[in-house]
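Engineer:
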Amino acid sequence: MTVLTIADHRRGDLRDVSFELLTAGRELADAVGTDLHAAVISGNVEEFADDLNREGVDQIHTVEYGEEFNHDVYAQAVTALTEDLGAEFLLVPNSVNGLDYAPAVATRLGRSYASDAVGLDYDGTLEVTREMYGSKVETTVEVTEGPFVASVRSGEWPAAEGVGDADVSAFDFDVDEDAVGSTVKGFEEVGGGDVDISEANFLVSIGRGIEEEENLELVEALVEATGATLSSSRPIVDNGWLPKNRQVGQSGKQVTPDVYLAIGISGAVQHVAGMKGADTIIAVNTDPNAPIFDIADYGVVGDLFDVVPALIEEFGGEPPSV
Amino acid sequence: MKVLVTVKEVATVEDDFEISGTEIEETYLDYDLNEWDDYAVEEGVQLAEAGDDVEVVAVTIGPERADETIRMALAKGADRAVRVWDDAIEDVELLDVETKAELLGAVVEAEDPDLVLSGVQANDDSFGATGVALAEEIGFQWAAVVNALDTEKVLDEGVASVRRELEGGVEELTDVDLPAVLTIQTGINEPRYASLRGIRQAQSKEIKPQSLDDLGLDASVVESSLDVTAMYEPETESDAQFLDGDADEQASKLADVLREKGVVGE
């Protein structure tokens, strides 16, 4: 039995989740009583292997192939390595790239697949803790048939540290070029624009609670009265109400302001990933159980359409009628 | 050209709810079209509007109640629909990814589409895996988390030229050969509202029920390898200081906090 984790990297850097997976993998390997293997595919694999060589890792496998992620190559390499090692437990990141190959690998190997794990327990069988209904509930799911593939949510385990003494070896494997049907043409940064919200020290951020585009005027008046910078959660940008450069979150910008005032934002995990580094988080939301309050320093349980106009007046502004 | 769009009727939960065993009690649930699938439907309909002779077929796995949801896809412009259901599925608490991929795979075999569009994830069980697992199941190419698709290239060249939305404001530009499954991210387009005319027309469009038998599958396909053992509300870890009072009082206290933190002057 072996636990195998697959690293994630982009444009020359390993992503944090790669090291978090090592911690999750080590814990699972300890519970099972087995070794922890890690693999890295494409890019500068030798440099990556050095970096992945942290405490608790027994073996690192490198697969040299191209510079960047290609899901066909990953799916083939991960499948071949898992079979070669006879790895019972395959842990992959629940990242955008993980979403792009892990389900294919699970299907190819005929294995159970549990995604977006926030907890893993092993006591003869595996129990995966997952969230459902937009984080309103947690469930534990028993994987009744092993071996399995699980994808692991980033930010749930601490990154592995320390210097390890793992063996590093190249995994000898020929990619079937005929089965590579996708071609990565390049990358593009999106959402430059006029304002860099990652530089702001006071962000007023608006979410789905604003309901209608016309109501944005209210938040804009608050921004004007307080000298803040306006940002938002994903749905506002999806609706085209604000440009992409205003989006805070996993697929938007990471921000670290002195104060982050979240108005009508429920606090989905993808959003929180982008703003949890703020010094002070203040949340205004009608739902006292909204997950945003779990990370807030100050909370206002109330209707933004009542609280925001009053706040504008506090700073000498004139609330618009919305 | 034929475009198959997978749609899911998802359960949404009210702010206050109760859990009974490993399920949320039915009275606290509403049902709606999965948000991600709404964008996938729109993308399919836009392809049909841009090309000649493009048929859009919506497919769902769900009980008769799900007809209401799939009619929304029909009202927005899908040509017809397929609904997979069976008593054997009814008994399963949590359909695993493998099962969903096999059920939808059988529909793909019967329909033989050039392109399958699927939401990135469903906002109830949040697996985020069905589209890619389906592609693997049926031997199609795929791309996950797509937030732009070049319509002309799909129609004229048989290539899905896509942008994949990576973390941190970076997009990957990738070409995928057809036939392919694309998992569609929110924000790729602006989903239309169903017009009254569309809603009326949807009433006369076909929703074809398909049982396991109809699809040439046996009951073993729905054996799930995942078993829900517990469901609970996550413990609140909030140590937030709550600012009480009516809206004016709350605003006044909030203003004090902002002044204290030095981010707003008098």
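Chains as they are written, first to last, in the UniProt record's numbering: chain A, 1 to 322; chain B, 1 to 266. Ideal placement from N, C-alpha and C gives every residue a C-beta, glycine not left out. Quick caveat, the model's predicted, so the values are computed rather than measured.
When you compare only the Cα positions, how much space is there between B:ALA180 and A:GLY193?
Structural biologist: Rounded to the nearest angstrom, the two C-alpha atoms are 34 Å apart.
Engineer: Buried or exposed for B:VAL257, please, with buried defined as at least 16 other CB atoms from any protein chain shown within 10 angstroms of its CB.
Structural biologist: Classification for B:VAL257: buried.
Engineer: Just to confirm before moving on: does the CB-CB distance between B:VAL56 and B:ALA48 stay below 8 Å?
Structural biologist: Contact flag set, yes.
Engineer: For B:ARG200, count neighbouring Cβ atoms within 10 angstroms of its own Cβ and tell me buried if that reaches 16, exposed if not.
Structural biologist: With fewer than 16 Cβ atoms within 10 Å of its Cβ, B:ARG200 is classed as exposed.
Engineer: Output the residue ranges of the alpha helix (DSSP H) runs that lie fully inside the segment 80-135 of chain B and measure 4 residues or longer, sorted by chain position.
Structural biologist: As far as the segment 80-135 of chain B is concerned, its whole alpha helix (DSSP H) runs of at least 4 residues are 87-90, 97-111.
Engineer: Residues of chain A with CB under 8 Å from B:ILE24, in chain order?
Structural biologist: Residues of chain A passing the Cβ test: TYR133, VAL137.
Engineer: Mind pulling the chain B residues with CB within less than 7 Å of A:SER95?
Structural biologist: Within chain B, the residues near A:SER95 are GLU167.
Engineer: With 9 Å as the limit, tell me which residues of the segment 120-153 of chain B have their beta carbon closer than that to any beta carbon of chain A; keep them in chain order.
Structural biologist: Within the segment 120-153 of chain B, the residues whose Cβ lies closer than 9 Å to some Cβ of chain A are VAL120, GLN121, ASN123, ASP124, ASP125, SER126, PHE127, GLY128, ALA129, THR130, GLY131, VAL132, ALA133, LEU134, ALA135, GLU136, GLU137, PHE140, GLN141, TRP142, ALA143, ALA144, VAL145, ASN147, listed in chain order.
Engineer: Can you check whether the CB of B:ALA148 is closer than 8 Å to the CB of B:ARG163?
Structural biologist: Yes, the Cβ-Cβ distance between B:ARG163 and B:ALA148 is below 8 Å.
Engineer: Just reading off the beta strand (DSSP E) that A:VAL143 is part of, what are its end residues?
Structural biologist: Unbroken beta strand (DSSP E) run through A:VAL143: 137-143.
Engineer: Counting only C-beta atoms, is B:LYS261 closer than 8 Å to chain A at any point?
Structural biologist: Taking Cβ atoms only, chain A reaches closer than 8 Å to B:LYS261, which makes this a yes.
Engineer: Assuming A:ASN94 and A:VAL168 form a contact by the criterion Cβ under 8 Å, report the distance between their Cβ atoms to the nearest whole angstrom.
Structural biologist: At roughly 26 Å, the Cβ-Cβ gap does not stay under 8 Å, so A:ASN94 and A:VAL168 are not in contact.
Engineer: At a CB distance below 8 Å, what residues from the segment 18-44 of chain B approach chain A? Give them in sequence order.
Structural biologist: So the close ones are ILE19, THR22, ILE24.
Engineer: If I'm right that B:THR6 touches B:SER161 with Cβ under 8 Å, what's the distance once you round it to whole angstroms?
Structural biologist: With 8 Å as the limit, B:THR6 and B:SER161 do not qualify as a contact, their Cβ atoms being about 21 Å apart.
Engineer: Quick one: what's got a C-beta closer than 7 Å to A:ASP134's C-beta in the same chain, skipping five residues either side?
Structural biologist: Reading the sequence as shown, one finds Gly at residue 134 of chain A and not Asp. Excluding residues within five positions, the ones whose Cβ falls inside 7 Å are ALA268.
Engineer: So, does the segment 140-156 of chain A touch the segment 88-104 of chain A, judging by three or more C-beta pairs under 8 Å?
Structural biologist: Touching, yes.
Engineer: At least one CB of chain A closer than 8 Å to the CB of B:GLN203: is that the case?
Structural biologist: No, its Cβ sits nowhere closer than 8 Å to a Cβ of chain A.
Engineer: Look at A:ILE282 and A:LEU222 and say whether their C-beta atoms are less than 8 Å apart.
Structural biologist: No, the Cβ-Cβ distance between A:ILE282 and A:LEU222 is not below 8 Å.
Engineer: In the DSSP output, what is A:TRP157 paired with across the bridge?
Structural biologist: In DSSP, A:TRP157 forms no bridge with anything.
Engineer: May I ask which residues mark the beginning and end of the alpha helix (DSSP H) holding B:LYS153?
Structural biologist: Note, B:LYS153: alpha helix (DSSP H), 151-157.
Engineer: Starting from B:ALA253, follow the alpha helix (DSSP H) in both directions and report where the run begins and ends.
Structural biologist: The question names Ala, but residue 253 of chain B in the sequence shown is Lys. Where B:LYS253 is concerned, the enclosing alpha helix (DSSP H) stretches over 247-260.
Engineer: What first and last residue would you give for the beta strand (DSSP E) that runs through A:TYR113?
Structural biologist: First-last of the beta strand (DSSP E) with A:TYR113: 112-117.
Engineer: Can you tell me the Cα-Cα spacing of B:GLU43 and B:ALA110, whole angstroms?
Structural biologist: Distance between the alpha carbons of B:GLU43 and B:ALA110 is about 22 Å.
Engineer: Listing by chain order, which chain A residues have their CB less than 8 Å from the CB of B:ARG164?
Structural biologist: Under the 8 Å cutoff, chain A gives VAL96, ASP100.
Engineer: Assign A:GLU131 to buried or exposed, taking buried as 16 or more other Cβ atoms, counted over all protein chains shown, within 10 Å of its Cβ.
Structural biologist: Classification of A:GLU131: buried, given that the 10 Å Cβ count is 16 or more.
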